[in-house]
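S.K.:
There are 2 protein chains.
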Amino acid sequence: MLKTRAERGTARIRLLDAAVDVIRTQGYNATTVDDLCAAAGVTKGAFFHHFHSKTALAVAAADHWSTTTGELFSSADYHERSTPTERVLGYLDFRRNLIGDDPAKFSCLVGTMTQETFATYPDIRDACGQSILAHAQRLEADIDAALTADAKADGITAASLAIHMQVVIQGAFILSKAADDPSLAVDSIDHLRRYVTTLLDT
Amino acid sequence: MLKTRAERGTARIRLLDAAVDVIRTQGYNATTVDDLCAAAGVTKGAFFHHFHSKTALAVAAADHWSTTTGELFSSADYHERSTPTERVLGYLDFRRNLIGDDPAKFSCLVGTMTQETFATYPDIRDACGQSILAHAQRLEADIDAALTADAKADGITAASLAIHMQVVIQGAFILSKAADDPSLAVDSIDHLRRYVTTLLDT
DNA sequence: AGAAACATACCGACCAGTTGGTATGGTCGC
DNA sequence: GCGACCATACCAACTGGTCGGTATGTTTCT
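So the protein lines, in turn, are chains A and B.
If you want our numbering, it's the position in the first sequence, counting the first as 1, plus 18.
If you want our numbering, it's the position in the second sequence, counting the first as 1, plus 18.
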């Protein structure tokens, strides 16, 4: 089990990556520490060397999720479009294209963990909330610049629309899982795109 | 434990009601059989007399959820409105008013269970999927009658919009839990209402 | 050498499900 | 109209296994 020079020192990252995979599939509570160690190819000693509890790992996994997805989105090419409206719609198209065959691969770690932990593990819930809310906030500037005067006059705020977009995306994952059919998620993002389009300048 | 005539024969229902409460708060996997027995005021023997496993209880709880919420919605007064558009928007207003202070009380049992069970308990997932999809389907006739010719020409179907409405509602519950703020759910349903309004005859 | 990064063996608590019963109310022969 | 019989509903103690976490090493890097 002891690893070579190159493999040593990676246990923490491997556990975090394993957490994303396993928890998205099984959920947080059904995932045991041993499950995570096995998936990461690591022993329990390594686990508790890096995380003082299973809860601490979940919080770290939520942060890890924010980091890795943050990099994915910030390197996506919709940022290079010239108008705010194109960038907002480009974000939705990008998210639409992320949907594949397996909900365990395309759905959101922190959305999954939120439902299991909101009332019982405040630390995990806060980390999940931060992750989702910070992601939404990254869209606010473009949305604000793109909103039509009519929409603003109707009381629609960029913050509220940014959150609504995350609502639809999270809900789309649930329905995909419930119906065992990812196409429901795609259809719902199409509806969202149509709605957002009516609110933005073109 | 349950001795009197009036109390006997109610253990099954009490367990199902307890399951709705406890699982919405803690999630399915974190809820133990003993938790459910304690909440129902019943012993373990009674539990396994009525349900051959914890999984079987979850399936029964999903069906129970469909039944009780089905009654709630079918007795709501938006059905008495005269036009399909008014009934569809009345449904959304009704759902909006259902949102209170505590997500554990206003969120959806089967939406919660779906995320935890979709890959690991197919029986529970199917029961949850059925519950949500059947609920969505109950709106289809009114939506179909209310959709404008333009919307239909754009390829929007009543089935797809009915599902999108459930997507937003489920997603709204997640964001409410994540942000620990039910007002996000209300705001998102407002966005949904605005979108739906643009697609229906008035 | 000393510290960080692991590995292994183990523990007490807990959990789903079982077992072997008891209490209750209905049915049917008489 | 009553006692034998029985099915259903429930109870409490227990079991085999699992889980999060710990204690105590061993290896590797600097």
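Note that beta-carbon positions come from the ideal geometry of N, C-alpha and C, so glycine has one too.
Here the structure is a predicted model, which means the values were calculated and not measured.
Apart from the five residues on each side of it in sequence, which residues of its chain come closer than 7 angstroms, Cβ to Cβ, to Tyr109(B)?
M.R.: Looking up residue 109(B) in the second sequence gives position 91. Only Tyr96, Leu157 meet the Cβ criterion.
S.K.: Between the region 173 to 193 of chain A and the region 103 to 119 of chain B, do three or more beta carbon pairs fall short of 8 angstroms?
M.R.: no
S.K.: Just how far apart, CA to CA, sit Asp162(B) and Val185(B)?
M.R.: Looking up residue 162(B) in the second sequence gives position 144. Looking up residue 185(B) in the second sequence gives position 167. Cα-Cα distance, rounded: 18 angstroms.
S.K.: Does any residue of chain B have a CB that is nearer than 9 angstroms to the CB of Phe69(A)?
M.R.: By 1-based counting over the first sequence, the position of residue 69(A) is 51. Taking Cβ atoms only, chain B never reaches closer than 9 angstroms to Phe69(A), which makes this a no.
S.K.: Name the chain A residues whose beta carbon is nearer than 9 angstroms to that of Arg143(B)?
M.R.: As a working mapping, residue 143(B) is identified with position 125 in the second sequence. Residues of chain A passing the Cβ test: Lys195, Ala196, Asp198.
S.K.: Determine, using beta carbons only, whether Ile41(A) and Thr50(A) come nearer to each other than 9 angstroms.
M.R.: Position 23 of the first sequence, counting from 1, holds the residue named residue 41(A). Position 32 of the first sequence, counting from 1, holds the residue named residue 50(A). No. Outside cutoff.
S.K.: Going by C-alpha to C-alpha distance, which of His153(B), Lys123(B), Met183(B), Asp205(B) sits closest to Asp35(B)?
M.R.: Against the second sequence, residue 35(B) aligns to sequence position 17. Measuring from the Cα of Asp35(B), the nearest candidate turns out to be Lys123(B).
S.K.: Considering only their Cβ atoms, is the gap separating Val60(B) from Leu18(B) smaller than 9 angstroms?
M.R.: Nothing can be reported for residue 18(B), as the shown portion of chain B is limited to 19 through 220.
S.K.: Near Thr132(A), which residues of its chain fall below 8 angstroms by C-beta distance, leaving aside the five closest residues on each side in sequence?
M.R.: Taking the first residue of the first sequence as 1, we reach residue 132(A) at position 114. Arg143, Cys146, Gly147, Ile150, listed in sequence order.
S.K.: Out of Thr166(B), Asp119(B), Arg30(B), which has the shortest C-alpha to C-alpha gap to Pro200(B)?
M.R.: By 1-based counting over the second sequence, the position of residue 200(B) is 182. Distance check between Pro200(B) and each of Thr166(B), Asp119(B), Arg30(B) places Asp119(B) closest, using alpha-carbon atoms only.
S.K.: Using only the alpha-carbon positions, how far apart do Pro140(A) and Thr216(A) sit?
M.R.: Mapped onto the first sequence, residue 140(A) falls at position 122. Mapped onto the first sequence, residue 216(A) falls at position 198. Answer to the nearest angstrom: the Cα atoms are 38 angstroms apart.
S.K.: If I'm right that Val134(B) touches Glu134(A) with Cβ under 8 angstroms, what's the distance once you round it to whole angstroms?
M.R.: Sequence index remark: in the second sequence, residue 134(B) carries index 116 (1-based). Sequence index remark: in the first sequence, residue 134(A) carries index 116 (1-based). One point to set straight first is that residue 134(B) is Glu, not Val, in the sequence displayed. Going by Cβ atoms, the distance from Glu134(B) to Glu134(A) rounds to 6 angstroms, so yes, they are a contact pair.
S.K.: Contact criterion: CB-CB distance below 9 angstroms. Does Thr220(A) meet it with respect to chain B?
M.R.: Here residue 220(A) refers to the residue found at position 202 when the first sequence is read from its first residue. Cβ-Cβ to chain B under 9 angstroms: no for Thr220(A).
S.K.: Just list the residues that DSSP pairs Leu165(B) with in beta bridges.
M.R.: For the purposes of this step, residue 165(B) is taken as the residue at position 147 of the second sequence. The partner list for Leu165(B) (beta bridge, DSSP) reads Leu218(B).
S.K.: Return the CA-CA distance between Leu127(B) and Ala80(B), expressed in angstroms with no decimal places.
M.R.: Position 109 of the second sequence holds residue 127(B). Position 62 of the second sequence holds residue 80(B). Spanning the two alpha carbons is a distance of roughly 7 angstroms.
S.K.: Here's the rule: buried if 16 or more other CB atoms are within 10 angstroms of the residue's CB, otherwise exposed. What is Val214(B)?
M.R.: Position 196 of the second sequence, counted from the start, is the residue given in the question as residue 214(B). Counting Cβ neighbours within 10 Å, Val214(B) comes out buried, since at least 16 surround it.
S.K.: If you draw a straight line from the C-alpha of Ala224(A) to the C-alpha of Thr220(A), how long is it?
M.R.: This structure does not reach residue 224(A), given that chain A is present from 19 up to 220, and the question cannot be answered.
S.K.: Given that Cys146(B) touches chain A, what residues does it touch there, using C-beta distances under 8 angstroms?
M.R.: On the second sequence, position 128 is the one that residue 146(B) refers to. Correct list: Ala196.
S.K.: Pull up the distance between the alpha-carbon of Ala37(B) and that of Ala137(B), whole angstroms please.
M.R.: For the purposes of this step, residue 37(B) is taken as the residue at position 19 of the second sequence. For the purposes of this step, residue 137(B) is taken as the residue at position 119 of the second sequence. Straight-line Cα distance between these residues: approximately 21 angstroms.
S.K.: Using only the alpha-carbon positions, how far apart do Ile181(B) and Thr87(B) sit?
M.R.: As a working note, residue 181(B) is residue 163 in the second sequence. As a working note, residue 87(B) is residue 69 in the second sequence. Approximately 17 angstroms between the Cα atoms of the pair.
S.K.: Would a check of beta-carbon distances place His209(B) closer than 9 angstroms to chain A?
M.R.: Stepping through the second sequence from its first residue, residue 209(B) is reached at position 191. Interface residue (Cβ-Cβ distance to chain A less than 9 angstroms): His209(B) is classified as such.
S.K.: Would you grab the beta carbon distance between Pro121(B) and Ser194(B) for me? Rounded to a whole angstrom, and I think it's under 8 angstroms.
M.R.: Position 103 of the second sequence, counting from 1, holds the residue named residue 121(B). Position 176 of the second sequence, counting from 1, holds the residue named residue 194(B). Right, the Cβ-Cβ distance comes to about 5 angstroms (below 8 angstroms), so this counts as a contact.
S.K.: Do you know offhand how far Asp52(A)'s Cα is from Lys62(A)'s?
M.R.: By one-based count along the first sequence, residue 52(A) stands at place 34. By one-based count along the first sequence, residue 62(A) stands at place 44. If I take the Cα positions, the gap works out to 7 angstroms.
S.K.: How would you write the range of the alpha helix (DSSP H) that Glu89(A) sits in, first residue to last?
M.R.: The sequence position of residue 89(A) within the first sequence is 71, counting from 1. Judged by DSSP secondary structure, Glu89(A) falls within the alpha helix (DSSP H) whose first and last residues are 72 to 92.
S.K.: So what's Asn47(B) in DSSP terms, helix, strand or just coil?
M.R.: Residue numbering aside, residue 47(B) sits at position 29 when the second sequence is read from its first letter. Three-state DSSP puts Asn47(B) in coil, outside helix and strand.
S.K.: For Lys170(B) and Asp208(A), I'd like the C-alpha separation in whole angstroms.
M.R.: Locating residue 170(B) in the second sequence gives position 152, where the first residue counts as 1. Locating residue 208(A) in the first sequence gives position 190, where the first residue counts as 1. Those two C-alpha atoms are separated by around 15 angstroms.
S.K.: Is the beta carbon of Ile192(B) sitting closer than 9 angstroms to the one on Leu210(B)?
M.R.: Locating residue 192(B) in the second sequence gives position 174, where the first residue counts as 1. Locating residue 210(B) in the second sequence gives position 192, where the first residue counts as 1. In this structure, Leu210(B) does not lie closer than 9 angstroms to Ile192(B) by Cβ.
S.K.: Taking beta-carbon pairs under 7 angstroms, can you tell me which members of the region 93 to 112 of chain A lie near chain B?
M.R.: none
S.K.: Do we get a CB-CB distance below 9 angstroms when we pair Gly189(A) with the residues of chain B?
M.R.: As a working note, residue 189(A) is residue 171 in the first sequence. Yes - at least one Cβ of chain B is within 9 angstroms of the one on Gly189(A).
S.K.: Kindly give me the distance between the Cβ atoms of Val106(A) and Asp160(A), rounded to whole angstroms, as I take these residues to be in contact under 8 angstroms.
M.R.: Sequence index remark: in the first sequence, residue 106(A) carries index 88 (1-based). Sequence index remark: in the first sequence, residue 160(A) carries index 142 (1-based). The pair is a contact, with the Cβ atoms about 5 angstroms apart (cut-off 8 angstroms).
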